[in-house]
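Enquirer:
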Amino acid sequence: QQQVKQSPQSLIVQKGGIPIINCAYENTAFDYFPWYQQFPGKGPALLIAIRPDVSEKKEGRFTISFNKSAKQFSLHIMDSQPGDSATYFCAASIGAYNTDKLIFGTGTRLQVFP
Amino acid sequence: ETGVTQSPTHLIKTRGQQVTLRCSSQSGHNTVSWYQQALGQGPQFIFQYYREEENGRGNFPPRFSGLQFPNYSSELNVNALELDDSALYLCASSAYTSPGANVLTFGAGSRLTVL
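Each protein sequence line maps, in turn, to chains E and G.
Each residue of the first sequence is one higher than the one before, starting from 204 at the first, in the working numbering.
Each residue of the second sequence is one higher than the one before, starting from 2 at the first, in the working numbering.
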């Protein structure tokens with residue numbers, strides 16, 4: 204049973220485009236929603252995270268949009284660059300002390316072409 | 002400040018064998034978590050260790066076991082290897098300090114192939 208569903212599986216955009224990656228969840232007890240970025244041969248690294256009491260969070264070119272009623276959240280990458288080419292994972296967890304016990308989505312492979 | 006280091010980076014085992022993977026946590030971190038990442042999938046939580054005790058476990062059988070040492074380093078042991086155990090095993094450390102502060106720092110992983 205997959206608790207966090209992520210789409211699309213892969214995404215190709217031109218430099219400067221705005222790729223959008225979507226995640227949906229069922230468990231309303233989730234209260235922490237991070238996005239991780241993974242480059243080939245590396246472990247995932249935290250990119251940005253949000254809690255359900257806000258609808259949007261921006262950090263640099265990365266924005267999370269959160270829709271609590273729809274149980275969906277998405278990652279937007281503004282002015283995408285070839286260096287953003289990586290696999291992106293959404294995740295979720297339950298409980299203030301459990302932000303390191305994550306349930307991950309299946310990942311989205313993003314390719315940004317010059 | 003060193004990050005999370007894992008060893009070995011790659012290894013090949015045969016079905017039924019046992020394997021031990023090792024992890025050194027990031028300086029200042031007292032919690033270690035292990036995740037299994039199958040090819041083309043997201044990481045799956047195996048278990049977490051805090052103060053040398055298991056502090057949460059995912060849906061993995063008992064043949065997956067672990068240890069945390071006083072210096073916060075950790076081992077993952079898998080007995081009776083099965084073909085489906087082939088995956089990238091990721092170790093991640095975090096600082097169990099306050100609510101919401103437990104951010105994972107991952108190592109690059111140990112790639113296990115079971116033949």
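Cβ coordinates follow ideal geometry from the N, Cα and C atoms, glycine included.
What is the rounded straight-line gap between the Cα of residue 78(G) and the Cα of residue 66(G)?
Expert: Walking along the second sequence from the start, residue 78(G) turns up at place 77. Walking along the second sequence from the start, residue 66(G) turns up at place 65. One C-alpha to the other measures close to 5 Å.
Enquirer: Give, in chain order, every residue of the region 236-248 of chain E whose Cβ lies closer than 9 Å to some Cβ of chain G.
Expert: Going along the region 236-248 of chain E in chain order, one finds 237, 239, 241, 244, 245, 246, 247, 248 with a Cβ nearer than 9 Å to chain G.
Enquirer: Between the beta-carbon of residue 96(G) and the beta-carbon of residue 30(G), is there less than 8 Å?
Expert: Residue 96(G) sits at position 95 when you count from the first residue of the second sequence. Residue 30(G) sits at position 29 when you count from the first residue of the second sequence. Yes, the pair counts as a contact, with Cβ atoms nearer than the cut-off.
Enquirer: According to DSSP, simplified to helix, strand and coil, what is residue 116(G)?
Expert: Here residue 116(G) corresponds to residue number 115 of the second sequence, with the count starting at 1. Coil.
Enquirer: With 16 other CB atoms within 10 Å as the buried threshold, where does residue 206(E) fall?
Expert: By one-based count along the first sequence, residue 206(E) stands at place 3. When all chains shown are included, residue 206(E) counts as exposed.
Enquirer: Whole angstroms is fine: what's the gap from residue 71(G)'s alpha carbon to residue 6(G)'s?
Expert: Residue mapping note: residue 71(G) aligns to position 70 of the second sequence, counting from 1. Residue mapping note: residue 6(G) aligns to position 5 of the second sequence, counting from 1. Straight-line Cα distance between these residues: approximately 17 Å.
Enquirer: What residue from 104(G), 81(G), 116(G), 60(G) has the CA that sits closest to residue 20(G)'s CA?
Expert: Sequence index remark: in the second sequence, residue 20(G) carries index 19 (1-based). Minimum Cα distance to residue 20(G) is reached at 81(G).
Enquirer: Between which two residues does the beta strand (DSSP E) containing residue 27(G) stretch?
Expert: Translated into positions along the second sequence, residue 27(G) becomes position 26. No beta strand (DSSP E) holds residue 27(G); DSSP gives it neither H nor E.
Enquirer: Just the chain E side, please: which residues come within less than 7 Å of residue 57(G) by C-beta, in chain order?
Expert: Stepping through the second sequence from its first residue, residue 57(G) is reached at position 56. Here the neighbours are 304.
Enquirer: Go through its chain and collect everything with a Cβ distance to residue 57(G)'s Cβ below 6 Å, but skip five positions before and after it.
Expert: Along the second sequence, read from residue 1 onward, the residue named residue 57(G) stands at position 56. Same-chain partners within the cutoff: 49.
Enquirer: Determine, using beta carbons only, whether residue 90(G) and residue 26(G) come nearer to each other than 8 Å.
Expert: Position 89 of the second sequence, counted from the start, is the residue given in the question as residue 90(G). Position 25 of the second sequence, counted from the start, is the residue given in the question as residue 26(G). No.
Enquirer: Mind checking who residue 252(E) pairs with in its DSSP beta bridge?
Expert: For this step, residue 252(E) is matched to residue 49 along the first sequence. Bridge partners of residue 252(E): 237(E).
Enquirer: Report yes if the C-beta distance between residue 217(E) and residue 316(E) is below 8 Å; otherwise report no.
Expert: Position 14 of the first sequence, counted from the first residue, corresponds to residue 217(E). Position 113 of the first sequence, counted from the first residue, corresponds to residue 316(E). It is a contact, given that the beta carbons lie within the stated cut-off.
Enquirer: Going by CA-CA distance only, name the one from 16(G), 35(G), 15(G) that's closest to residue 51(G).
Expert: Residue mapping note: residue 51(G) aligns to position 50 of the second sequence, counting from 1. Comparing Cα positions, the closest option is 35(G).
Enquirer: By how many angstroms is the C-alpha of residue 266(E) removed from the C-alpha of residue 46(G)?
Expert: As a working mapping, residue 46(G) is identified with position 45 in the second sequence. As a working mapping, residue 266(E) is identified with position 63 in the first sequence. Roughly 26 Å between the two C-alpha positions.
Enquirer: Looking only at its own chain, which residues have a Cβ that is under 6 Å from the Cβ of residue 310(E), when we skip the five neighbours before and after it?
Expert: Translated into the one-based positions of the first sequence, residue 310(E) becomes position 107. Cβ neighbours of residue 310(E) beyond the five flanking positions: 290, 292.
Enquirer: To be precise: take each residue of the region 258-269 of chain E, compare its Cβ to all Cβ atoms of chain C, and keep it if any distance is under 7 Å. Which residues remain?
Expert: No chain C is part of this structure, whose protein chains are labelled E and G.
Enquirer: Interface residues of chain G around residue 309(E) at Cβ under 7 Å?
Expert: On the first sequence, residue 309(E) is found 106 positions in, with the first residue counted as 1. Ordered by position in chain G, the residues that pass the 7 Å Cβ test against residue 309(E) are 42, 43.
Enquirer: According to the Cβ coordinates, are residue 288(E) and residue 250(E) closer than 8 Å?
Expert: Against the first sequence, residue 288(E) aligns to sequence position 85. Against the first sequence, residue 250(E) aligns to sequence position 47. Result no, Cβ atoms of residue 288(E) and residue 250(E) do not sit closer than 8 Å.
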